[in-house]
Every structure is written in structure tokens, then in C-alpha cells.
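Colleague: Note that the sequence shown covers residues 1 to 321 in the numbering used here.
Below: one structure in C-alpha cells.
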Amino acid sequence: MKKGLVFGKFMPVHQGHIALIAFAAAQCDQLIVSMNCTPADSIAPEKRMEWLRALFGDRDDIELVQVWDDFSDDSLPLWEATRLWSDFIKQRFPDIDGFFCSEPYGEPLSHHLGLPCVWFDRERRQVPVSATLIRQHPARYWDFIPDVVKPYFVKKVCLFGPESVGKTTLAERLAGHYHTVFVHEVARDLITSNDLTLDDYVQIGHAQTDAVLKATESANRLLICDTDLITTELYSEHYLNEVPPVLYELEKQVVYDRYFLLNIDVPWVADGLRDLGHRREEMYQRFKTALEARGIAYIDVSGDWEQRWAKVTGEIDRLLA
Numbered sequence: 001m002k003k004g005l006v007f008g009k010f011m012p013v014h015q016g017h018i019a020l021i022a023f024a025a026a027q028c029d030q031l032i033v034s035m036n037c038t039p040a041d042s043i044a045p046e047k048r049m050e051w052l053r054a055l056f057g058d059r060d061d062i063e064l065v066q067v068w069d070d071f072s073d074d075s076l077p078l079w080e081a082t083r084l085w086s087d088f089i090k091q092r093f094p095d096i097d098g099f100f101c102s103e104p105y106g107e108p109l110s111h112h113l114g115l116p117c118v119w120f121d122r123e124r125r126q127v128p129v130s131a132t133l134i135r136q137h138p139a140r141y142w143d144f145i146p147d148v149v150k151p152y153f154v155k156k157v158c159l160f161g162p163e164s165v166g167k168t169t170l171a172e173r174l175a176g177h178y179h180t181v182f183v184h185e186v187a188r189d190l191i192t193s194n195d196l197t198l199d200d201y202v203q204i205g206h207a208q209t210d211a212v213l214k215a216t217e218s219a220n221r222l223l224i225c226d227t228d229l230i231t232t233e234l235y236s237e238h239y240l241n242e243v244p245p246v247l248y249e250l251e252k253q254v255v256y257d258r259y260f261l262l263n264i265d266v267p268w269v270a271d272g273l274r275d276l277g278h279r280r281e282e283m284y285q286r287f288k289t290a291l292e293a294r295g296i297a298y299i300d301v302s303g304d305w306e307q308r309w310a311k312v313t314g315e316i317d318r319l320l321a
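Shown next as C-alpha cells:
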């Protein structure tokens with residue numbers, strides 16, 4: 001075949017798509033990969049095209065095209081719906097010699113186009129997955145997600161609360177249990193006292209955000225974080241009575257799938273930096289209020305260490321189900 005076509009939403013692109021495109025490219029001199037987009041798509045077109053370019057952008061025999069789908073009508077029977085698709089394809093890609101797919105629409109679309117449909121893995125035996133299944137249960141179908149796409153689906157959890165409630169210890173243990181990585185409190189690497197300036201808090205905010213974004217790239221289904229930017233803001237407000245505005249902007253860059261608010265019903269342990277042992281209840285309430293003011297749902301974690309472990313892992317298991 002001189003020129004072929006593969007099209008879909010690629011929301012997200014997965015190993016099945018990759019296998020289909022490789023199969024099609026091997027049978028064409030030139031392959032067009034058309035990514036359909038609508039305003040209702042749950043994953044931004046820019047992100048999906050970024051993934052496709054990362055996977056196929058260096059191939060001279062593959063052309064990546066983004067098209068806005070204003071011609072589909074899901075209310076129509078498949079026969080009538082594919083007639084509309086055919087009209088668009090004839091206009092947008094008039095010189096193709098055929099198309100490749102593994103979907104039921106292949107037969108009626110082939111009829112309307114008057115072009116062959118070349119089938120690939122029609123029974124989904126080679127790659128038993130779909131983009132819908134991945135969106136619904138990414139952790140369950142993790143091995144079918146390309147490495148370039150995985151960071152998008154990493155579930156991020158934040159262990160949240162004032163000093164000396166066991167966040168770091170719990171983060172380390174959780175990371176080992178779930179075979180993933182965790183992000184520690186980067187401020188611990190940058191400061192030697194709590195006598196900080198606004199610029200110091202800005203530096204901490206940038207460093208913490210960068211650490212989370214970088215760790216997301218290597219996380220296995222789940223990323224554990226033992227602090228966040230709200231925490232940085234709270235301590236800046238406590239010690240300096242002011243919060244640098246940039247911290248609020250940095251806060252928006254990372255969205256957590258679960259917040260765990262760790263209670264203060266564990267012994268307070270001094271470590272050279274902690275100096276609010278006498279104000280634990282006050283600080284706990286400030287942390288709690290900060291979440292509630294933002295409308296962020298949280299899981300309250302209290303009790304002994306085993307009770308905390310059971311509470312957190314139970315919730316994470318549900319998150320990854």
C-alpha cells in the first residue's frame with residue numbers, strides 16, 4: 001500500500017495503538033496517523049499529540065495529524081455514523097489507499113469509502129486493553145501504558161500535617177510496600193534553622209515542586225509525598241506573617257489524588273528543627289483549616305502506627321483498584 005491511514009482519539013495512546021501503528025507502517029510507504037479531538041475529550045489534545053510525537057515523531061514514514069471532530073454523531077447507528085466519517089476522510093485524506101483498524105466500524109467504513117480495511121488484532125488477543133479501561137483503571141493496566149504516558153496516570157498522595165506526626169517514616173514504608181518512590185521534605189536539605197526569609201520559602205517552594213514533578217516520571221503507579229506547597233505556605237505565614245504569592249501558583253502545579261491528614265496523637269520528637277511542640281494542637285487545626293478552606297477532601301489518620309498503616313494502605317489500595 002502506498003499511503004495508509006490509522007485514526008483514533010489515542011486517549012491515551014497505549015501498547016495496542018503502538019502495535020497497530022507499527023503493523024500499518026510496515027505495510028505502507030507512508031502512514032498517516034490522525035488524532036481526532038473534541039471539546040469533550042478528558043485528556044487535552046496537546047498532551048496526546050505530545051505523546052504521539054515522543055513515540056513516532058522521528059519516523060519519516062509516519063505523519064502525525066490532529067483533526068477536530070465536528071462531524072461525528074454518536075446518536076446514529078454505526079452504519080450512518082461511519083457514512084459521516086467517510087465524508088470527512090474523503091475530503092481530508094483524499095489520496096489514501098486504505099486504512100487499518102481493529103474496531104467494529106471497519107466494515108461499514110470500508111464500504112462507504114470504497115477502500116480496504118486491513119484488520120489488526122481484531123479479537124484483542126495480542127494486546128487485550130482499551131483506552132477506556134486504562135482511563136478507568138490505570139494501575140490495573142499499567143503494563144499496557146507506554147513509559148512516556150505513565151506519569152500522567154501516576155496517583156499522587158500527600159501525607160499532610162504539622163511536625164512530628166510520622167510523615168517521613170510512613171512515606172518511606174509506603175514506598176517500599178508499593179514498590180515505588182517517595183518525595184521527602186526538600187526543605188530539610190536546604191535549611192539548618194527556622195530563621196528564614198521570604199526568598200528562602202520561594203526557593204523551598206520551587207525545589208519541592210520540581211522534586212515532585214521529577215519523581216512522577218519514575219513512580220510506579222503511585223507517588224508518595226510527605227509534604228506539599230500548602231505546608232510551605234503555612235510555615236511561611238507562621239514564622240513571617242506573610243506568604244510569597246508565587247507559592248500559591250506553585251501549589252497549582254501539583255494536584256494530589258488523596259490527602260492524608262495525620263493527627264497529633266503520637267509522641268512529639270525533637271530533632272533540632274522542630275520547635276512547635278508546645279503548639280501542636282494549634283498547628284494541627286491550621287493544617288486542617290487550610291484543606292477545608294480549599295475544599296480539599298482528606299482522610300483523617302489517627303491511632304497507633306498499625307492503625308495508621310491500615311487506614312492509609314486501605315485507602316491507597318482502593319485508589320489503585
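Note that the Cβ used here is the ideal one computed from N, Cα and C, for glycine as well.
1) Grab me the residues of residue 145's own chain with a C-beta within less than 8 Å of its C-beta, minus the 5 sequence neighbours each way, in chain order.
2) Inspect the beta-carbon positions of residue 78 and residue 108 and report whether they are closer than 7 Å.
3) Tell me the DSSP bridge mates of residue 34?
4) Between the C-alpha atoms of residue 150 and residue 222, what's the straight-line distance to the nearest angstrom?
5) Could you check what DSSP says for residue 76 in three-state terms: helix, strand or coil?
6) What are the boundary residues of the alpha helix (DSSP H) that residue 119 is part of?
7) Mind checking which residues open and close the alpha helix (DSSP H) that includes residue 93?
8) Alpha carbons only, please: which of 195, 103, 158 is nearest the one belonging to residue 287?
9) What is the residue span of the alpha helix (DSSP H) that residue 133 lies within?
10) Measuring alpha carbon to alpha carbon, tell me which residue in 195, 21, 245, 26 is nearest residue 1.
11) Within a Cβ cutoff of 6 Å, which residues of the same chain sit near residue 227, ignoring the five residues on either side of it in sequence?
12) By Cβ distance below 6 Å, which residues in the same chain neighbour residue 174 in space, the five residues on each side in sequence not counted?
13) Just list the residues that DSSP pairs residue 159 with in beta bridges.
14) Under 7 Å Cβ to Cβ from residue 88, same chain only, skipping five residues before and after it: list those, please.
15) Could you compute how far the alpha carbon of residue 49 sits from the alpha carbon of residue 119?
16) Do three or more CB pairs link the region 199-207 to the region 238-250 at distances below 8 Å?
17) Is it buried or exposed, residue 308, if we count other Cβ atoms within 10 angstroms and call 16 or more buried?
18) With DSSP collapsed to three states, give me the class of residue 200.
19) On the DSSP bridge assignment, give the partners of residue 222 in chain order.
20) Count the CB pairs spanning the region 295-305 and the region 250-262 that are closer than 8 Å, and state whether there are at least three.
21) Is the beta carbon of residue 219 closer than 7 Å to that of residue 254?
22) Please classify residue 42 as buried or exposed, where buried requires at least 16 other C-beta atoms within 10 Å of its C-beta.
23) DSSP state of residue 149, grouped into three classes?
24) Compare the Cα-Cα distances from residue 95 to each of 101, 113, 85 and report the closest residue.
25) At what residues does the beta strand (DSSP E) containing residue 182 begin and finish?
26) Who are the Cβ neighbours of residue 155 in its own chain at under 6 Å, not counting the five residues just before and after it?
27) In whole angstroms, what is the alpha-carbon distance linking residue 279 and residue 234?
28) Give the range of the alpha helix (DSSP H) segment to which residue 246 is assigned.
Modeller: Here's the rundown:
1) Taking the sequence shown and counting its residues from 1, the one referred to as residue 145 is at position 145. Hits under 8 Å: 12, 14, 15, 134, 138, 153.
2) Within the sequence shown, numbered from 1, the residue matching residue 78 stands at position 78. Within the sequence shown, numbered from 1, the residue matching residue 108 stands at position 108. Yes, the pair counts as a contact, with Cβ atoms nearer than the cut-off.
3) For this step, residue 34 is matched to residue 34 along the sequence shown. Its beta-bridge partners are 7, 65.
4) The residue given as residue 150 occupies position 150 in the sequence shown. The residue given as residue 222 occupies position 222 in the sequence shown. Going from the Cα of residue 150 to the Cα of residue 222 covers about 10 Å.
5) The sequence position of residue 76 within the sequence shown is 76, counting from 1. Of the three classes helix, strand and coil, the one that applies to residue 76 here is coil, per DSSP.
6) Walking along the sequence shown from the start, residue 119 turns up at place 119. No alpha helix (DSSP H) contains residue 119, which is instead part of the beta strand (DSSP E) from 117-119.
7) Within the sequence shown, the letter at position 93 stands for residue 93. Under the DSSP assignment, residue 93 falls outside any alpha helix (DSSP H); it carries neither an H nor an E label.
8) Here residue 287 refers to the residue found at position 287 of the sequence shown. The shortest Cα separation from residue 287 among 195, 103, 158 belongs to 158.
9) Translated into positions along the sequence shown, residue 133 becomes position 133. Segment 131-136, the alpha helix (DSSP H) holding residue 133.
10) Numbered from 1 along the sequence shown, position 1 holds the residue referred to as residue 1. Nearest of 195, 21, 245, 26 to residue 1, Cα basis: 26.
11) As a working note, residue 227 is residue 227 in the sequence shown. Sequence-distant Cβ neighbours of residue 227 in its own chain, meaning closer than 6 Å and more than five residues away, are 185.
12) Mapped onto the sequence shown, residue 174 falls at position 174. Result list for residue 174: 224, in chain order.
13) Working through the sequence shown from its first residue, we reach residue 159 at position 159. According to DSSP, which records beta bridges pairwise, residue 159 is partnered with 260.
14) As a working mapping, residue 88 is identified with position 88 in the sequence shown. For residue 88, where only same-chain residues beyond five positions count, the Cβ hits under 7 Å are 71.
15) Numbered from its first residue, the sequence shown carries residue 49 at position 49. Numbered from its first residue, the sequence shown carries residue 119 at position 119. Approximately 24 Å between the Cα atoms of the pair.
16) yes
17) Start at 1 with the first residue of the sequence shown, and residue 308 comes out as number 308. By the neighbour-count rule (16 or more Cβ atoms within 10 Å), residue 308 is buried.
18) Residue mapping note: residue 200 aligns to position 200 of the sequence shown, counting from 1. If DSSP states are grouped into helix, strand and coil, residue 200 belongs with the helices.
19) Here residue 222 is taken as the residue at index 222 of the sequence shown, counted from 1. Answer by DSSP bridge pairing, in chain order: 155, 220.
20) yes
21) On the sequence shown, residue 254 is found 254 positions in, with the first residue counted as 1. On the sequence shown, residue 219 is found 219 positions in, with the first residue counted as 1. Between residue 254 and residue 219, the gap from beta carbon to beta carbon reaches 7 Å or more.
22) On the sequence shown, position 42 is the one that residue 42 refers to. When all chains shown are included, residue 42 counts as exposed.
23) What you label residue 149 is simply residue 149 of the sequence shown in a count that begins at 1. Correct three-state label for residue 149: coil.
24) For the purposes of this step, residue 95 is taken as the residue at position 95 of the sequence shown. Per the Cα distances, 113.
25) Against the sequence shown, residue 182 aligns to sequence position 182. Start and end: 181-183.
26) Position 155 of the sequence shown, counted from the start, is the residue given in the question as residue 155. Non-local C-beta neighbours of residue 155 in its own chain, meaning closer than 6 Å and more than five positions away in sequence, comprise 222, 257, 319, ordered along the chain.
27) Against the sequence shown, residue 279 aligns to sequence position 279. Against the sequence shown, residue 234 aligns to sequence position 234. Cα to Cα, residue 279 sits roughly 14 Å from residue 234.
28) In the sequence shown, residue 246 corresponds to position 246, counting from 1. Its alpha helix (DSSP H) spans residues 245-251.
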